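Take a look at the structure below.
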Amino acid sequence: MNKLLINIILAGFLLSGCGFRIESGQTSLENETYQTLKTKIKEGKTTQNQIKQMFGEPNAFYFNGDNEVWEYSFYVDKTNMTMAVIPIINLIYNQNNGDSKIKQLFIFFNKNSSKTVHRYTFSDSNTQIKHKTGIGQ
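For the sequence shown, this note's numbering begins at 10 and goes up steadily by one.
In structure tokens form, the structure reads like this:
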């Protein structure tokens, strides 16, 4: 029994640095913050072509009244492999299983010949993924 427990603990330590990462959407948004976007996007001045050069093609676009709207989104999920592979460790220690991050940028363009930015919105959310199965809860 002690040998089994030692092997489980050793496996946990070996895998503790392991994990995997799933990404989707515009990776150009990964390192963006509201502050960095403020320096890059100027309302009434930045054009659609300049936005394309900065972020690439939008994930989606549509019309909202007189404005053309471009949507950029980025999603990343980082999972702790120790918790995924060895559930007993999660049961005992009630560890965090990973993090997920979603970033979204909506750009509203003026309906004029130069198609400049009218306004934009940016959201950045970070969520910890945790399974509520710990013994100590």
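Beta carbons are placed, not taken as given, at the ideal position from N, Cα and C, and that holds for glycine. This structure is a prediction, so every number in the text was calculated from the model and none was measured.
Contact between the segment 111-130 and the segment 45-53 (3+ Cβ pairs under 8 angstroms): yes
Member of Y81, K120 and S122 whose CA lies at the smallest distance from the CA of T130: Working through the sequence shown from its first residue, we reach residue 130 at position 121. It is Y81.
Residues near K112 in its chain [Cβ-Cβ closer than 6 angstroms; skip 5 each side]: For this step, residue 112 is matched to residue 103 along the sequence shown. Result list for K112: L38, F83 and D133, in chain order.
Y71 CB to nearest heavy atom of the ligand NAD below 7 angstroms: Judged by which ligands are present, the structure shown has none, so any question about the ligand NAD falls away.
Beta-carbon proximity check, N68 vs G34, cutoff 8 angstroms: For this step, residue 68 is matched to residue 59 along the sequence shown. For this step, residue 34 is matched to residue 25 along the sequence shown. Taking 8 angstroms as the Cβ cut-off, N68 and G34 qualify as a contacting pair.
Sequence-distant residues of its chain with Cβ nearer than 8 angstroms to S123 (five each side left out): Walking along the sequence shown from the start, residue 123 turns up at place 114. Within the same chain, S123 has close Cβ partners T56.
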